[in-house]
Amino acid sequence: MQRTLQRAGATKAVPIIVRLVAAIGGGYAVSAGLAALAARVLPATTAIPRSEAVVLASMLAFLVYLGLLIWGFAEPSLARLCLILVIVGIVSWGGAFGLVRLASGG
Amino acid sequence: MEQGFRASMNWLHTWAGVVLGGLLFAIFWMGTLSVFDREIDRWMAPMIRLPAAEKTFSLEVLRPMYEAAAAAKSPTFSVGLPTERDAAIRVLWRDQSGPVYRVVDPRTGTILPDPGTLAGTRFIFPFHYMLHIRFQDIGYWLVGLAGMAMMALCVSGVIIHRRIFADFFTFRPDRKPRRLILDLHNVTGVLGLPFHFLISLSGLVIFWATYFPSSWQVTYDGNRPAFFADAYGNVIPKRTGEPGGLASFDAMAAEARRLWDGSALRYVFVRNPGDAKSVMQIGRLDEGIVSSTYDAAYFDGPTGALISHRTGTPPVMSTQRFLSGLHFIQFHHWSLRWIYFGLGLAGCVLIATGYLFWLESRRKKHAQLGLKGVRIVEGLAIGSVTGMLIATAAFFVVNRLLPLGASALGQDRPALEVWTFYLVWLASFVHAWVRPQRAWMEQCWTLAALASAAVLLNWITTGDHLLRALSHRHLWPIAGMDILLLTGAAIATVAALRLSRLSRVAQVRHA
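Protein chains in written order, with the numbering used here: chain G, 1 to 106; chain C, 1001 to 1511.
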């Protein structure tokens, strides 16, 4: 009886830990990636100067992160949450570093 | 994890509140005190209880300290100029032994005795934004996490709230304690919501470059100084090693004032003192606007010639400066200052009642099931709430008890005050876990005693009792501090009396 209870507790704990890591850590990584991408894209596509784009991207990242935190705890499907965070994370960080390489002629 | 949007937000609100409530309370409490950091400085350092400076005084009084900084090859020489709230000049440089801090009376140019305390601006205020944990910037990141959590708590709190409009007007002090606690939590939460959300957001935005460095890292190849030079036009000279003098302080200050139509000045900052390539930066004080501006003028040190100056910032940076100014409240507005203080206290009540509601709604069930949750969280709540208040009061009391220049166990006076704060805080947690039944009441009594003692000790050690403080304009900050301490003592006494009556009723019922 004791053991089944413990096992039930453990199987309940794993999704919660995954969700905490996804929402808090993953949400931060994605917001930081989107900020990096925006700071790179905005000066290239609009009239916003580079230093201004940097500040704008970082300030908006707080609100993006807040949205991701709320969604991270509200999304019923843990798999979908992780999948979307991974995809947006790869696209944003990949895009930002891709643009850095493009600019340096690499 | 529970199902459904509202249920999941309830889960988030409960857990984020229970786990981070203690940290949030500490940050909110220290932030609330920081609203009056300069006034706390005056209370804790009697030598700076000066009447306001005359309109003009010569900055040449700084010259001997500047020469000392130049001789010690200090990388910088920084001077905070007097404001309405702070009549003293504060000077900071480094020598071989570490930072040197001096307080100067602008009327006479004399260096005042070492305050021997970190007081409000150097202990309470930095605690608010970095918890005095410097290692790897962990303090900043913990505060950032708490700030994000506060915003998430605001959002989830609104979502789980079923009757947000009705609760604007609902406070039922005659109901059962649990209902009363929830009403108080809701009323402070709903009325304070815009403030609590914006104060958290603006606090995070101040440190945007620390919390979201990715944006400048990918655009400036990880070169932070390059970004700041681009964004602010900072003039950062390289040290040559050749000696160089410094032109007249007053001439450069007059030129800076002329650039900004006679505006007052906030600081004077010299890079490479004593070097042939020293640069003096003078900052503008604008107490008439919310925004905390970056306006500064740069002068070549040896010749005193203007290198460059900036007035105003582009739109995005201006938004950032506005949000920062909103948080720093360095503008001149006493009624708003008190409103910030009141709303900050409302935030503290919000966090404390959140804990109380969690405890009251689980106490019976946990007792029946033999769970330890309530006991653990109650200790956490007591130490975080009354413990933090007691530690702050003890910080004030020990400040009035230690003689100037005191040292013990190799710690100087400022360090002894800080040690007292932390040890008393730690003791309050131990007390709370050892005596959970009586800890709230006993800590309220302790708080009442310490707060009253602080007022009494201020009178004994400085002679500035309440009546005297009220009758001198420059001692009003002391009067304000004493009145708030006495008010706090009175509230703590009432709380302790009610708690002891409740515990007597409970004992009668058990018997």
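Beta carbons are placed, not taken as given, at the ideal position from N, Cα and C, and that holds for glycine.
Residue j beta carbon less than 9 Å from that of residue i
i: residue 1144 of chain C; j: residue 1195 of chain C; result: no
i: residue 1277 of chain C; j: residue 1240 of chain C; result: yes
i: residue 1378 of chain C; j: residue 1432 of chain C; result: yes
i: residue 1135 of chain C; j: residue 1030 of chain C; result: no
i: residue 1326 of chain C; j: residue 59 of chain G; result: no
i: residue 1050 of chain C; j: residue 1026 of chain C; result: no
i: residue 1272 of chain C; j: residue 1314 of chain C; result: no
i: residue 1464 of chain C; j: residue 1475 of chain C; result: yes
i: residue 1471 of chain C; j: residue 1021 of chain C; result: no
i: residue 1017 of chain C; j: residue 1199 of chain C; result: no
i: residue 1142 of chain C; j: residue 1153 of chain C; result: no
Neighbour flag for residue i against chain C, beta carbons, 9 Å
i: residue 26 of chain G; result: no
i: residue 1 of chain G; result: Low confidence applies here, because residue 1 of chain G scores a pLDDT of 40, under 50, leaving its location unreliable; read the following figure in that light. No, residue 1 of chain G does not count as interfacial toward chain C.
i: residue 88 of chain G; result: no
i: residue 4 of chain G; result: In this prediction, residue 4 of chain G scores a pLDDT of 45, lower than 50, which makes its location untrustworthy; the coordinate-derived value is nonetheless stated afterwards. Output row for residue 4 of chain G: interface = no.
i: residue 14 of chain G; result: no
i: residue 21 of chain G; result: no
i: residue 63 of chain G; result: yes
i: residue 54 of chain G; result: yes
i: residue 83 of chain G; result: no
i: residue 58 of chain G; result: yes
i: residue 17 of chain G; result: no
i: residue 105 of chain G; result: no
i: residue 47 of chain G; result: no
i: residue 80 of chain G; result: no
i: residue 31 of chain G; result: yes
i: residue 77 of chain G; result: no
Proximity test, residue i beta-carbon vs the ligand COA heavy atom, cut-off 8 Å
i: residue 1016 of chain C; result: Among the ligands in the structure shown, none appear at all, so the ligand COA cannot be discussed.
Which of helix, strand or coil DSSP assigns to residue i
i: residue 1452 of chain C; result: helix
i: residue 1108 of chain C; result: coil
i: residue 1295 of chain C; result: coil
i: residue 1332 of chain C; result: coil
i: residue 1128 of chain C; result: helix
i: residue 1432 of chain C; result: helix
i: residue 1310 of chain C; result: strand
i: residue 77 of chain G; result: coil
i: residue 1401 of chain C; result: helix
i: residue 1411 of chain C; result: strand
i: residue 1001 of chain C; result: Unreliable positioning characterises residue 1001 of chain C in this predicted model, as indicated by a pLDDT of 46, which lies under 50. The coordinate reading is nonetheless provided below. Of the three classes helix, strand and coil, the one that applies to residue 1001 of chain C here is coil, per DSSP.
i: residue 1083 of chain C; result: strand
i: residue 1300 of chain C; result: strand
i: residue 1488 of chain C; result: helix
i: residue 1305 of chain C; result: coil
i: residue 1438 of chain C; result: coil
i: residue 1014 of chain C; result: helix
i: residue 46 of chain G; result: coil
Residues bridged to residue i [DSSP beta-bridge criterion]
i: residue 1269 of chain C; result: C:1078 and C:1281
i: residue 1102 of chain C; result: C:1091
i: residue 1368 of chain C; result: Note: residue 1368 of chain C sits in no beta bridge, so no partner.
i: residue 1243 of chain C; result: C:1275
Option nearest residue i by Cα separation, candidates the options
i: residue 1158 of chain C; options: C:1142, C:1188 and C:1280; result: C:1188
i: residue 1338 of chain C; options: C:1161, C:1057, C:1444 and C:1477; result: C:1477
i: residue 56 of chain G; options: C:1204, C:1137, C:1127 and C:1316; result: C:1316
i: residue 99 of chain G; options: G:18, G:15, G:52 and G:33; result: G:33
i: residue 1102 of chain C; options: C:1303, C:1114 and C:1095; result: C:1114
i: residue 1498 of chain C; options: C:1445, C:1454, C:1373 and C:1474; result: C:1445
i: residue 1275 of chain C; options: C:1495, C:1447 and C:1301; result: C:1301
i: residue 1111 of chain C; options: C:1125, C:1062 and C:1155; result: C:1062
i: residue 1318 of chain C; options: C:1133, C:1294, C:1007 and C:1480; result: C:1294
i: residue 1400 of chain C; options: C:1368, C:1413, C:1388 and C:1408; result: C:1413
i: residue 1096 of chain C; options: C:1119, C:1177 and C:1071; result: C:1071
Min CB distance residue i to chain G below 9 Å
i: residue 1443 of chain C; result: no
i: residue 1001 of chain C; result: Residue placement at residue 1001 of chain C is poorly supported in this model, since its pLDDT is 46, which falls under 50; the coordinates still yield a value, given next. So yes, residue 1001 of chain C belongs to the interface.
i: residue 1276 of chain C; result: no
i: residue 1319 of chain C; result: yes
i: residue 1214 of chain C; result: yes
i: residue 1140 of chain C; result: no
i: residue 1218 of chain C; result: yes
i: residue 1208 of chain C; result: yes
i: residue 1230 of chain C; result: yes
i: residue 1316 of chain C; result: yes
i: residue 1130 of chain C; result: no
i: residue 1252 of chain C; result: no
i: residue 1371 of chain C; result: no
Any chain B beta carbon closer than 9 Å to residue i
i: residue 102 of chain G; result: In the structure shown, chain B cannot be found, because the protein chains are G and C.
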